[in-house]
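**Q**
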Ligand SMILES: [Zn+2]
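Residue numbers (the numbering used here), protein chains in the order written: chain A, 1 to 195; chain B, 1 to 96.
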């Protein structure tokens, strides 16, 4: 298998940065999932697609807009009506979904090499992200497991809350380094560690 | 100005793209009715008040939306999926 190169590499500097004298308040990392796919159901076929997601990943999507769940290295969340992003630490999701989602149900798009997933975790993760995105990061409005589609200066972002203080941000690979640098600058104030 | 996307909830107008007057009726593509085409391209109601508009949540879920906006106050009195009801909706406090 060809080794995948990170687009962040020239600006990815492990270690502590910014105002970390009193400790680091966020940890930045790249999650590098083996597969990322986008699934879209034709209108009226959403339930069949959700059943296919369950059959392939074992994940049961909760009801509601932006609902999602993570377990066992896999995650899924809704990002638009009838549309879902699925990520897996392992490779091969697109092939599995191509078998499970027929053309009468919807579409499968392999984005494994097209997206970069940046994780921000820690007590100030909400604080730092609130500098970028005009959405409500409070837990009742943005529960663990769910996803949000939004944008920062035309850099489209899908944000998946993978923990109480942890967010996985899916950005276009070609914008990832620029977004990463901005995220590092925004994290200097609170002290950050790149892992 | 905030637009409450039926899927994403309230978002800043910067996430949306205006797609034009929602009152227009596009003639059939093969239509030779030039008056109808002229009306589709040029005629606008230009009301001082509630106006039917098409917006896209281009910086979010990318749904096309049917929005009623007051041209005097910018108050938005209704937002719906342009293609009719589909998919789950976000639960709004005090609103359905
Ligand atoms: Zn939306």
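Glycine residues also receive a C-beta, built at the ideal position from the N, C-alpha and C atoms.
Considering only the beta carbon of each residue, do residue 14 of chain A and residue 166 of chain A sit closer than 8 angstroms?
**A** Translated into positions along the first chain, residue 14 of chain A becomes position 14. Translated into positions along the first chain, residue 166 of chain A becomes position 166. No.
**Q** Taking Cβ-Cβ distances below 9 angstroms as the criterion, which residues of the segment 10-26 of chain B are in contact with chain A?
**A** 10, 11, 12, 14, 15
**Q** Under 8 angstroms, with one C-beta from each stretch per pair, do the segment 64-75 of chain B and the segment 85-101 of chain A reach the 3-pair mark?
**A** Note that the segment 64-75 of chain B does not touch the segment 85-101 of chain A; fewer than 3 beta-carbon pairs, one per stretch, sit closer than 8 angstroms.
**Q** I'd like to know if residue 59 of chain B contacts chain A, where contact means its C-beta is closer than 8 angstroms to some C-beta of that chain.
**A** By one-based count along the second chain, residue 59 of chain B stands at place 59. Output row for residue 59 of chain B: interface = yes.
**Q** For residue 92 of chain B, decide whether its Cβ has a neighbour in chain A, counting only Cβ atoms nearer than 8 angstroms.
**A** Locating residue 92 of chain B in the second chain gives position 92, counting from the first residue. Any reading at residue 92 of chain B must be qualified, since the residue scores a pLDDT of 46, below 50, and its modelled position is unreliable; the value itself is stated next. No, because no Cβ of chain A sits closer than 8 angstroms to the Cβ of residue 92 of chain B.
**Q** Is residue 63 of chain B near ligand 1 - that is, is its Cβ less than 7 angstroms away from at least one heavy atom of it?
**A** Residue numbering aside, residue 63 of chain B sits at position 63 when the second chain is read from its first letter. At least one heavy atom of ligand 1 is nearer than 7 angstroms to the Cβ of residue 63 of chain B, so yes.
**Q** In the DSSP assignment, find the alpha helix (DSSP H) that holds residue 42 of chain B and state where it starts and stops.
**A** Residue mapping note: residue 42 of chain B aligns to position 42 of the second chain, counting from 1. Counted as a single uninterrupted DSSP element, the alpha helix (DSSP H) harbouring residue 42 of chain B occupies residues 34-42.
**Q** Buried or exposed: residue 183 of chain A, going by 16 or more other Cβ atoms within 10 Å of its Cβ?
**A** Numbered from 1 along the first chain, position 183 holds the residue referred to as residue 183 of chain A. When all chains shown are included, residue 183 of chain A counts as buried.
**Q** Determine the extent of the beta strand (DSSP E) in which residue 4 of chain A is found, giving its start and end residues.
**A** Reading the first chain from its first residue, position 4 is the one you call residue 4 of chain A. Careful: residue 4 of chain A lies outside any beta strand (DSSP E) and carries neither H nor E.
**Q** Answer yes or no: does any C-beta atom of chain B fall closer than 8 angstroms to that of residue 146 of chain A?
**A** Locating residue 146 of chain A in the first chain gives position 146, where the first residue counts as 1. No, no contact with chain B.
**Q** Using DSSP bridges, identify the partner residues of residue 11 of chain A.
**A** Position 11 of the first chain, counting from 1, holds the residue named residue 11 of chain A. DSSP, once it has assigned bridges, lists no residue as partnering residue 11 of chain A.
**Q** Residue 9 of chain A to residue 65 of chain B, Cα distance in whole Å?
**A** Here residue 9 of chain A corresponds to residue number 9 of the first chain, with the count starting at 1. Here residue 65 of chain B corresponds to residue number 65 of the second chain, with the count starting at 1. Taking the straight line from one Cα to the other gives about 40 angstroms.
**Q** In angstroms with no decimal places, state the Cα-to-Cα distance between residue 36 of chain B and residue 29 of chain B.
**A** In the second chain, residue 36 of chain B corresponds to position 36, counting from 1. In the second chain, residue 29 of chain B corresponds to position 29, counting from 1. Approximately 11 angstroms, taken between the alpha carbons.
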